[in-house]
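Residue numbers (the working numbering), protein chains in the order written: chain A, 157 to 300; chain B, 1340 to 1683.
We put the CB at the ideal spot given by N, CA and C, even for glycine.
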């Protein structure tokens, strides 16, 4: 016989797994520190590429000046200037991303807590069924 | 107000029932509008301008993730920019690349804003976007709103300077790119708009989250005023000539639209029909979960006023003249009441 309560709970769980929980369950494979670290590495790579593109555009824009003054310019000073700019912007960018991923992880943990509650209830029903020797429940806890 | 609430209930029921068709249709329409807008304003490549290509892309977008509308839109813009001038293509490519690198890691869920913001600009109601997104989004939505603003100004510049961009006169590639950077990237109006929108969105978000009565309505009001103030102060600092009356009217209309959206769409948390499948030890289950619908039926209360009965009841002093109202039939917030007065 069909256990309606079990079907209801399993439907809720399946619906969560297929929708909102898809990302949360993937995220749950990681510890918080690992999850944030992996994403910060990705952010670092994308920021570095973006910074390189911006420096390239800047160099192209000031190409004439650079070509004229290349012999008299303080190149190590300019390099140092870019390194400091890069590190400063990177620190701000990574800090923002750290906060975003931290909040995202916490949020998903909360939604997973509700999902775990459903799983516990399903598990409890399974235990009750196995004790009574099969799924002979109809409409929840009423035994037929 | 009652009409709006009824309308909301109707939309809610309708969405719950047919969202499997409505969402792809909405994605299709959004994609079609975006592609038509791009082709209409900057359609320099004849092949890409072909309506059948837009139609095919929009049909693909209707069942693919919504972010792909922005991706296809970006590819279309680059194709048209390439047909117009190689220099502009290079610049547009760099701008779009930066957006992809910086945006898609932070808030990929708001990809549709890259499309909606330029559309709102074309419809002359850009100010509604930060107000609306402050109400329903998170602070991360400020980035795509700002990026959408940049895309609009990029398209606008492309449309307005066709002759200069397509010309093959004396100017070298270097000179052209320098000129483009000066005019496109250093466009003060664009920067002001992007900053004002991002700030407004954050302000609306913060006020909306406060634990005060009517937080949403207050957030819209504060947001509209903040938007106006930031734009005015910014225009003075950066020496940008904004049409004061236009900005004022835009903010007022946008606040009105935001209130309308709040009443009809944003406060609507509809449950939709879901199809799930799972199994246990004994069965495979293919379940269609249909949400229960609680419809607030307009309750009619008829109050009869006649001089005879009034006199007689006054004599008898019995409270039976009033028909008891069944309060249990509707929830407090969606209770709709129509009163009909019988005339003497």
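Chain B contact for residue i (CB, 8 Å cutoff)
i	result
residue 186/A	no
residue 209/A	yes
residue 170/A	yes
residue 217/A	yes
residue 213/A	yes
residue 284/A	no
residue 166/A	yes
residue 274/A	no
residue 198/A	yes
residue 180/A	no
residue 226/A	no
residue 247/A	no
residue 256/A	yes
For residue i, the first and last residue of its enclosing beta strand (DSSP E)
i	result
residue 1617/B	1613–1618
Per-residue burial, residue i [other beta carbons within 10 Å of its own, 16 or more giving buried]
i	result
residue 1383/B	buried
residue 167/A	buried
residue 1505/B	exposed
residue 1357/B	exposed
residue 1376/B	buried
residue 225/A	exposed
residue 1404/B	exposed
residue 249/A	buried
residue 1616/B	exposed
residue 1497/B	buried
residue 1549/B	exposed
residue 227/A	exposed
residue 231/A	exposed
residue 1435/B	buried
residue 1444/B	buried
residue 1574/B	buried
residue 1547/B	buried
residue 1374/B	buried
Reference residue i; option with closest CA among the options
i	options	result
residue 1469/B	1485/B, 1454/B, 1458/B	1485/B
residue 189/A	247/A, 176/A, 257/A	257/A
residue 1493/B	1405/B, 1481/B, 1624/B, 1521/B	1521/B
residue 1370/B	1454/B, 1465/B, 1462/B	1454/B
residue 1362/B	1398/B, 1345/B, 1385/B, 1386/B	1398/B
residue 1568/B	1434/B, 1554/B, 1552/B, 1542/B	1542/B
residue 1442/B	206/A, 194/A, 169/A	206/A
residue 1501/B	1478/B, 1602/B, 1475/B, 1381/B	1381/B
residue 200/A	288/A, 284/A, 221/A, 253/A	253/A
residue 1602/B	1559/B, 1446/B, 1424/B, 1488/B	1559/B
CB contact check: residue i to chain A, cutoff 8 Å
i	result
residue 1678/B	Since pLDDT at residue 1678/B reaches only 42, below the 50 mark, its modelled position is unreliable, and the value read off the structure follows with that caveat. So, not an interface residue.
residue 1613/B	yes
residue 1366/B	no
residue 1433/B	yes
residue 1547/B	no
residue 1444/B	yes
residue 1544/B	no
residue 1513/B	yes
residue 1490/B	no
residue 1417/B	no
residue 1402/B	no
Coarse secondary structure for residue i, derived from DSSP in three states
i	result
residue 261/A	helix
residue 1640/B	strand
residue 1627/B	strand
residue 218/A	coil
residue 1569/B	helix
residue 1403/B	coil
residue 185/A	coil
residue 1522/B	helix
residue 1553/B	coil
residue 267/A	helix
residue 256/A	helix
residue 1450/B	coil
residue 1582/B	coil
residue 226/A	coil
residue 1384/B	coil
residue 1354/B	helix
residue 157/A	coil
residue 242/A	helix
Residue i - containing alpha helix (DSSP H), residue span
i	result
residue 1462/B	From DSSP, residue 1462/B is part of no alpha helix (DSSP H); its letter is neither H nor E.
residue 1577/B	No alpha helix (DSSP H) contains residue 1577/B, which DSSP labels as neither H nor E.
residue 1602/B	Where residue 1602/B is concerned, there is no enclosing alpha helix (DSSP H), given that its DSSP letter is neither H nor E.
residue 1548/B	Here residue 1548/B belongs to no alpha helix (DSSP H), and DSSP marks it neither H nor E.
residue 1511/B	Per DSSP, residue 1511/B belongs to no alpha helix (DSSP H) and is neither H nor E.
residue 1496/B	1481–1499
residue 1426/B	1425–1442
residue 166/A	160–174
Contact with chain E by residue i, beta-carbon distance below 8 Å
i	result
residue 202/A	The structure shown contains no chain E; its protein chains are A and B.
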